[in-house]
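The sequence shown maps to residues 0 to 108 in numbering that gives the first Met the number 0. Below you'll find the structure, written out as structure tokens, and then a few comments.
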Amino acid sequence: MPRKNNGADSTLRTREWRKRLRAVKRPETDAVDTALAVAVALYAHTAEVKQSERDRTRVTALEKMAVRYLVSRGSSVVEAERMVRRRVRRTDVESLIPLVNGSGSTSSR
């Protein structure tokens, strides 16, 4: 949960916190959220390309879970569905494939 903004002190704390994150190469939460959305988008794309009904069903289930979570946090169903679809059914999905199949480490730790 974000801290209450206390002006300059808060800005300085945030700047120092981000500096520590960069030093250890730890991603911020929004980057992790984006990475998970990309993974689901690629999974959905692969399900469509392979015409895998089982995987399409799984993608639909993941989308529904995301929508239910957003609704439980106060979003409208229509807007939650719209935004989840927008994140998962990306038009640039082909360009993301090399980014996740690249030489980056996939350590389980």
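From the three backbone atoms N, C-alpha and C, an ideal C-beta is built for every residue, glycine too.
Entirely within the region 54-96 and at least 4 residues each: give me those alpha helix (DSSP H) ranges in chain order.
-> Whole alpha helix (DSSP H) segments, 4+ residues: 76-87.
So what's Arg-25 in DSSP terms, helix, strand or just coil?
-> Residue state, collapsed to three classes: coil.
If you count every other CB in all the chains shown that lies within 10 Å of the CB of Val-58, and 16 or more means buried, which is it?
-> Classification for Val-58: buried.
Just the C-alpha distance for Arg-86 and Ala-79, rounded to the nearest angstrom, thanks.
-> When rounded, the distance between both Cα atoms is 11 Å.
According to the Cβ coordinates, are Leu-95 and Ala-40 closer than 8 Å?
-> Cβ distance < 8 Å, so Leu-95 and Ala-40 count as in contact.
Could you tell me whether the Cβ atoms of His-44 and Val-92 are closer together than 8 Å?
-> Contact annotation: His-44 and Val-92 have beta-carbon atoms nearer than 8 Å.
Are the CB atoms of Glu-27 and Leu-20 nearer to each other than 8 Å?
-> Taking 8 Å as the Cβ cut-off, Glu-27 and Leu-20 qualify as a contacting pair.
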